[in-house]
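*Asks:* Residue numbers (the UniProt record's numbering): 1 to 468.
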């Protein structure tokens, strides 16, 4: 039997939608605000009523949090006991609700996840009455919007399930308050902007927080709100914690583009005497040969390394541009005068200098170049590489001879000089199979002998912008 650590963090997340409907007799701003406020108050009352229902995804378990009714579960049950029951129920259940909610799984941030779905009972207890139909003829406006609620609370395994449900109801109610503020701030005539809840994982001890932004408003128009959030949570203004690209990605929610994220997380760090590990900070996509219906086998490794770097800047919220294609990379080099027009559509290699030029031209990102006259010198670059990952945290493109790779980290011992490099290899031609990629070393820790000891290498070290 496994005894749960009482300090183990568990995440309960509830998702669902509520319909906001209201009739306007006037389009005056003050009238719209009053009607909207009444509609939101009605929804908050509904969240605290007995009609509020939680279902545990992938199980037949149903909870009425405001009734204190927990089907097959005691309200005083500890969270770790409930989680074990849920897991056991999932194994027995044949019903597949994975399209509605993702399965819970273990992550490096929280030990357990449990996903709930919000429902509202339509029928009322007691005898049914005959319907009454009335007709009123008047000019009016009818506003309707679907509110996407999404709340998450962090708990300890020894808390009771009733306490957790009380906190979830309170979080849903508070989220409706925040949604009301956002909608009232962004009224344009009778047009409403739908509030969008997003979760962000901040440095400890702040943890996971939820922010409401107006959907459809680009990040560049939300800088004032982001600055207020940085002040509220006492965050520095040198990195974009609250851009949409930084939203926390919950376990087992598939990425729509199909690329693997952070395959290095499947690896075990090497052990060096008095050694420390310095890693890429944040999320990137693994780009390699033969993706995107593009046969670049034998010539496109530097392009793929560049795409991985671009994905890092995109997924950290520094840029909104999509990852460039090979042709767009080639066109950028033509535009900056580095290549002739005939270069576009060719199969010519590029190197670190070209990667630096493309990052600057397409994304406005500056880079440092490290020149190494022969591969044997890379073993002495531990301090420089460690400092890069500590201060910048970006993937590094390294090119030498006809090969290019991506360096994601180093394990380095200052006392002994031992070093290992975390290499992401763009020469992989297979499918997005994490097990194969990890076991076959396409993403893996390599020693100094990995490099050609006599070849020269150029390293492109992208610099992280200091922006909010």
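Yeah, the Cβ is synthetic: ideal placement off N, Cα and C, and Gly gets one too.
For clarity, every value in this text was computed on a predicted model and none was experimentally measured.
Could you have a look at residue 464 and say whether DSSP puts it in helix, strand or coil?
*Replies:* Correct three-state label for residue 464: coil.
*Asks:* Could you check what DSSP says for residue 471 in three-state terms: helix, strand or coil?
*Replies:* Residue 471 lies beyond the range of the chain shown here (1 to 468); nothing can be said about it.
*Asks:* Going straight from the alpha carbon of residue 61 to that of residue 55, what length do you get?
*Replies:* Approximately 6 Å, taken between the alpha carbons.
*Asks:* Please give the ranges of any beta strand (DSSP E) in the stretch 378 to 406, keeping only runs that are unbroken, at least 3 residues long and fully inside the region.
*Replies:* Correct list: 396 to 400.
*Asks:* Which two residues bound the contiguous beta strand (DSSP E) that contains residue 63?
*Replies:* Where residue 63 is concerned, the enclosing beta strand (DSSP E) stretches over 62 to 64.
*Asks:* At 3 residues or longer, and completely inside the stretch 204 to 275: list those beta strand (DSSP E) runs for me, N to C.
*Replies:* Listed in chain order, the complete beta strand (DSSP E) runs (minimum 3 residues) inside the stretch 204 to 275 are 207 to 214.
*Asks:* Have a look at residue 452 and residue 208 and give me their C-alpha separation to the nearest angstrom.
*Replies:* If you take the alpha carbons of residue 452 and residue 208, they lie about 44 Å apart.
*Asks:* Among the residues of its own chain, which have a CB less than 6 Å from the CB of residue 415, if the five just before and after it don't count?
*Replies:* Within the same chain, residue 415 has close Cβ partners 274.
*Asks:* So what's residue 283 in DSSP terms, helix, strand or just coil?
*Replies:* Reduced to three states, the DSSP call for residue 283 is coil.
*Asks:* Could you work out which residue in 113, 63, 69 is closest to residue 84 when comparing CA atoms only?
*Replies:* Residue 84 has its Cα closest to that of 113, out of 113, 63, 69.
*Asks:* In terms of residues, what are the limits of the beta strand (DSSP E) holding residue 421?
*Replies:* That run of the beta strand (DSSP E) goes 419 to 424.
*Asks:* Mind checking residue 128: buried by the 16 CB within 10 Å criterion, or exposed?
*Replies:* By the 10 Å Cβ count, residue 128 comes out exposed.
*Asks:* As a quick exercise: from 150, 317, 285, 447, pick the residue whose alpha carbon is nearest that of residue 14.
*Replies:* When each option's Cα is compared against that of residue 14, the closest is 150.
*Asks:* Is there contact here, the stretch 346 to 355 with the stretch 293 to 304, by at least three beta-carbon pairs under 8 Å?
*Replies:* Contact holds: three or more Cβ-Cβ distances are below 8 Å.
*Asks:* List the residues that DSSP assigns as beta-bridge partners of residue 23.
*Replies:* Bridge partners of residue 23: 142.
*Asks:* For residue 469 and residue 336, what's the separation of their Cα atoms in angstroms?
*Replies:* Coverage of the chain is limited to positions 1 through 468, which leaves residue 469 absent and any answer about it impossible.
*Asks:* Please decide whether residue 17 counts as near chain B, where near means a Cβ-Cβ distance under 8 Å.
*Replies:* Among the chains of the structure shown, chain B does not appear; only one protein chain is present.
*Asks:* Just to confirm the assignment, what range does the alpha helix (DSSP H) spanning residue 67 have?
*Replies:* Unbroken run through residue 67: none, as it is neither H nor E.
*Asks:* Please report the distance separating the alpha-carbon of residue 223 from that of residue 376.
*Replies:* Approximately 47 Å between the Cα atoms of the pair.
*Asks:* Beta-carbon within less than 7 Å of residue 206's beta-carbon, same chain only, minus the 5 sequence neighbours each way: which residues are those?
*Replies:* Here the set comprises 233.
*Asks:* Would you be able to state if there are at least three C-beta pairs under 8 Å between the stretch 68 to 81 and the stretch 154 to 161?
*Replies:* At 8 Å Cβ cutoff, the stretches touch.
*Asks:* Which of the three DSSP states is assigned to residue 14 in this structure?
*Replies:* Note: residue 14 maps to strand in three-state DSSP.
*Asks:* So, for residue 434: in the same chain, excluding its five sequence neighbours on each side, which residues have a beta-carbon less than 7 Å away from its beta-carbon?
*Replies:* Around residue 434: 260, 263, 266.
*Asks:* Helix, strand or coil for residue 57? Go by DSSP, reduced to three states.
*Replies:* Residue 57: coil per DSSP, three-state reduction.
*Asks:* Among 252, 29, 195, 339, whose alpha-carbon lies nearest the alpha-carbon of residue 176?
*Replies:* Nearest option by C-alpha distance: 195.
*Asks:* Which residues bound the alpha helix (DSSP H) around residue 32?
*Replies:* Start and end: 29 to 47.
*Asks:* Report the option in 444, 46, 40 whose CA atom is closest to the CA atom of residue 268.
*Replies:* The candidate whose alpha carbon is nearest that of residue 268 is 444.
*Asks:* When DSSP labels each residue in this structure, what does residue 289 get in the three-state scheme?
*Replies:* In this structure, residue 289 counts as coil in the three-state DSSP scheme.
*Asks:* What separation, rounded to the nearest whole angstrom, lies between the Cα atoms of residue 39 and residue 29?
*Replies:* Each residue's alpha carbon lies about 15 Å from the other.
*Asks:* Are residue 383 and residue 272 closer than 8 Å when you measure CB to CB?
*Replies:* Going by C-beta atoms, residue 383 is not nearer than 8 Å to residue 272.
*Asks:* Going by beta carbon distance, what residues of the same chain come within less than 7 Å of residue 361, once the five residues before and after it are set aside?
*Replies:* Excluding sequence neighbours, residue 361 sits near 332, 335, 336.
*Asks:* Can you list, in chain order, the residues of its chain whose CB lies under 8 Å from that of residue 47, leaving out five sequence neighbours each side?
*Replies:* Cβ within range, chain order: 169, 172, 173, 176.
*Asks:* Could you give the DSSP three-state label for residue 97: helix, strand or coil?
*Replies:* Note that residue 97 has pLDDT 31, beneath the 50 cutoff, so the model's placement of it is unreliable and the number below is only indicative. Looking at residue 97 - three-state DSSP - the assignment turns out to be coil, as it is neither helix nor strand.
*Asks:* Residue 369: which of 355, 411, 459 sits nearest, CA to CA?
*Replies:* It is 459 whose Cα lies nearest to the Cα of residue 369.
*Asks:* Measuring alpha carbon to alpha carbon, tell me which residue in 235, 157, 308, 422 is nearest residue 76.
*Replies:* With distances taken between Cα atoms, residue 76 lies closest to 157.
*Asks:* Under 6 Å Cβ to Cβ from residue 201, same chain only, skipping five residues before and after it: list those, please.
*Replies:* Answer for residue 201: 208, 248, listed in chain order.
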